[in-house]
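> Have a look at this one.
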Amino acid sequence: ASANIGVVGLAVMGANLARNLASREGNTVAIYNRSPERTNNLAAAHPEAGFVTTETMQEFADSLQRPRTAIIMVQAGKATDAVIDQLCEVFEPGDIIVDGGNALFDDTIRRERAVRERGLHFVGAGISGGEEGALNGPSIMPGGPAESYETLGPILESIAARAPEDGTPCVTHVGTDGAGHFVKMVHNGIEYADMQLIGEAYDLLRRVGGLEPAQIADMFAEWNRGDLESYLIEITAEVLRHVDPETNAPFVDIIVDRAGMKGTGTWTVQTALSLAVPVSGIGEAVFARGVSGRTAQREAVRPTITSRPEMPVVDESFVEDVRLALYASKVIAYAQGFDLILSGAEEYGWDINPGAVAKIWRAGCIIRARFLNRIADAYGRDPQLQSLIADPYFAGEVAASDAAWRRVVATAAYAGVPAPAFGASLSYYDSLASDRLPAALIQGQRDFFGAHTYGRVDKPGAFHTDWSGDRTERRTDA
Ligand code: 6PG
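Numbering-wise (full-length UniProt numbering), the sequence shown opens with residue 6 and increments by one.
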């Protein structure tokens, strides 16, 4: 046995991860793919990697030092289950199977239990950063048994991205069984929200602010030097600056305005709904992609509209307003995402350290951003923080954006430019900020039609009013 780590599944992500592993001091990497041709091609294309090529699962297992550690990078779903079964046949107790795909955390919980029953370790690890990240340093979110991290940790640390601020590798043991994939799922939900918010900011700057894509690219590039500094802002500037070589039109005008999705954002919202966690910004981001794809409906509705609102007149302060609205809404997206992570941790019994999660998102992943340092600081100050926006720093940041945020949401409404994520984020903030919510009225309605009872502000207990009779009240829980 000559390899300390193996990779199964050599499509782009697997191949790049294998190359990344091989490039790090001390690693020898065994590789396996269902079709051996791919295995051999990868080894031939990268002789510098010194891959140990294998053609059968048995050969793959024999090539690995114990405890054997294999990272599988195959399609989520059935293909993953099939590979896990095959590995279980040839691996031995104590060996570690790592699923580096975008698996649904429920599946990971189930697989971890099944693999554990066979005496092996199963680690569901979220890996973010796309193809480039896999090759040069992703952010890695492993779950599974803490024990497996003793073997796996140093290997993952060798390939992970490093935070620019302090050079720490962007990987940590997130929690047991499905915790890693849960956190990766929420990462993707935040990614959706971030992208939607940036999209809304662009749309407003263009349609209300009257700026051209190239000018907006300059704005984003400038914003990328401040609080908003992040990978997504950086690439937004690149995309907006690009001119279509064929038509000379701004490239963004050439792309069909229909956003695809592979499902992780939807999972985030489904999970949040089942836990009653209000991730409204992420939800609007998923719905906005949905609306964009309703091509026939968009075409049916457009001709029925005979008058559009007049464009409000704005001055140059609008740009700064949009920046502040984007920043405040982004804080809300993270506040909601972390709320979901901590609610998931409570539901599934994971000991997740939110500050550590913020730290491993500082580099490598799609949502990497400077302000994740601030989030880590906030949870460092108070590990029991109820909400990110209850932290004094973020409370101050949001308060400082307050007026601009409201102007932007109002302007969007006046202008008829959709800004669902901006609006939902602001409403969420206002909900948390309100002394009283109309939920009181809803409880009254529920009690009226279904005797669902209500609590009173002035005394403990559950009560019901006899709505159809004489409206006397009785206590129902005593
Ligand atoms: C990452 C990304 C990646 C994800 C796509 C999918 O962290 O590297 O989140 O894992 O597959 O970005 O997003 P779509 O649903 O938009 O296809």
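Cβ coordinates follow ideal geometry from the N, Cα and C atoms, glycine included.
1) Would you tell me roughly how many angstroms separate the C-alpha atoms of residue 5 and Val-13, rounded to the nearest one?
2) Have a look at Val-103, Asn-46 and Glu-402 and flag the residue whose alpha-carbon is nearest the alpha-carbon of Ile-132.
3) Give the list of continuous beta strand (DSSP E) stretches no shorter than 3 residues that lie fully inside the region 348-404.
4) Going by CA-CA distance only, name the one from Leu-15, Ala-305, Ile-310 and Thr-481 that's closest to Glu-136.
5) Go ahead and pull the three-state DSSP assignment for Arg-479.
6) Around the Cβ of Asn-193, are there at least 16 other Cβ atoms within 10 angstroms (buried) or fewer (exposed)?
7) Go ahead and label Asn-25 buried or exposed: buried means 16 or more other beta carbons lie within 10 angstroms of its beta carbon, across all protein chains shown.
8) So, with DSSP's three-state summary, where would you put Leu-216?
9) For the pair the region 217-234 and the region 142-154, tell me if three or more CB-CB distances fall below 8 Å.
10) Go ahead and pull the three-state DSSP assignment for Phe-292.
11) Run the CB neighbour count on residue 485, radius 10 Å, all protein chains shown included, and call it buried at 16 or more, exposed below.
12) What is the C-beta distance between Leu-209 and Val-403, in whole angstroms, given that I count them as a contact (C-beta under 8 Å)?
13) In angstroms with no decimal places, state the Cα-to-Cα distance between Ala-305 and Arg-299.
14) Rounded to whole angstroms, how far is the Cβ of Ala-165 from the Cβ of Gly-369, which I believe are closer than 8 Å?
15) Thinking just about the alpha-carbon of each residue, which of Gly-385, Val-88 and Pro-150 is nearest to the one in Gln-80?
16) Whole angstroms is fine: what's the gap from Ser-334's alpha carbon to Gly-149's?
17) Can you tell me whether Met-266 is helix, strand or coil according to DSSP?
18) Hey, which unbroken runs of the beta strand (DSSP E) at 3 residues or more fall wholly within the region 130-168?
19) I'd like the list of long-range same chain contacts for Ser-392, defined as Cβ closer than 6 Å, with 5 residues on each side in sequence excluded.
20) Sort Ala-405, Glu-30, Gly-460 and Ala-119 by Cα distance to Ala-330 and report the nearest one.
21) First and last residue of the alpha helix (DSSP H) that includes Asp-67?
22) Give the straight-line distance between the Cα atoms of Asp-111 and Asp-90, rounded to the nearest whole angstrom.
23) With respect to the beta strand (DSSP E) encompassing Phe-468, which residues constitute its N-terminal and C-terminal limits?
24) In this structure, how does DSSP classify Ala-8 when only helix, strand and coil are distinguished?
Taking the definition as stated:
1) Residue 5 is absent from the model: the chain starts at 6 and stops at 483.
2) Locating residue 132 in the sequence shown gives position 127, counting from the first residue. Here the closest residue by C-alpha is Val-103.
3) none
4) Against the sequence shown, residue 136 aligns to sequence position 131. The candidate whose alpha carbon is nearest that of Glu-136 is Leu-15.
5) The count along the sequence shown starts at 1 and reaches residue 479 at position 474. Reduced to three states, the DSSP call for Arg-479 is strand.
6) Counting from 1 along the sequence shown, the entry for residue 193 is found at position 188. Its Cβ being crowded by 16 or more others within 10 Å, Asn-193 is buried.
7) If you number the sequence shown from 1, residue 25 lands on position 20. Counting Cβ neighbours within 10 Å, Asn-25 comes out buried, since at least 16 surround it.
8) Reading the sequence shown from its first residue, position 211 is the one you call residue 216. Of the three classes helix, strand and coil, the one that applies to Leu-216 here is coil, per DSSP.
9) no
10) Sequence index remark: in the sequence shown, residue 292 carries index 287 (1-based). Helix at Phe-292.
11) The displayed coordinates of the chain run from 6 to 483. Any statement about residue 485 would go beyond what the structure contains.
12) The sequence position of residue 209 within the sequence shown is 204, counting from 1. The sequence position of residue 403 within the sequence shown is 398, counting from 1. So it is not a contact: roughly 19 Å between Cβ atoms.
13) Taking the sequence shown and counting its residues from 1, the one referred to as residue 305 is at position 300. Taking the sequence shown and counting its residues from 1, the one referred to as residue 299 is at position 294. If I take the Cα positions, the gap works out to 10 Å.
14) For the purposes of this step, residue 165 is taken as residue 160 along the sequence shown, with counting starting at 1. For the purposes of this step, residue 369 is taken as residue 364 along the sequence shown, with counting starting at 1. Contact flag correct, Cβ pair sits at about 6 Å.
15) Locating residue 80 in the sequence shown gives position 75, where the first residue counts as 1. The shortest Cα separation from Gln-80 among Gly-385, Val-88 and Pro-150 belongs to Val-88.
16) As a first step, residue 334 is located in the sequence shown; it is residue number 329 there, counting from the start. As a first step, residue 149 is located in the sequence shown; it is residue number 144 there, counting from the start. Answer to the nearest angstrom: the Cα atoms are 33 Å apart.
17) In the sequence shown, the residue the question calls residue 266 occupies position 261. Coil, per DSSP.
18) 144-147
19) Looking up residue 392 in the sequence shown gives position 387. Contacts found: Ala-340.
20) For this step, residue 330 is matched to residue 325 along the sequence shown. Taking only the C-alpha atoms, the option nearest Ala-330 is Ala-405.
21) To locate residue 67, count along the sequence shown from 1; it is residue 62. Its alpha helix (DSSP H) spans residues 62-67.
22) For the purposes of this step, residue 111 is identified with residue 106 of the sequence shown, where counting begins at 1. For the purposes of this step, residue 90 is identified with residue 85 of the sequence shown, where counting begins at 1. Asp-111 and Asp-90: Cα-Cα distance of roughly 18 Å.
23) To locate residue 468, count along the sequence shown from 1; it is residue 463. Run containing Phe-468: 468-470, per the beta strand (DSSP E) assignment.
24) Counted from its first residue, the sequence shown places residue 8 at position 3. Note: Ala-8 maps to strand in three-state DSSP.
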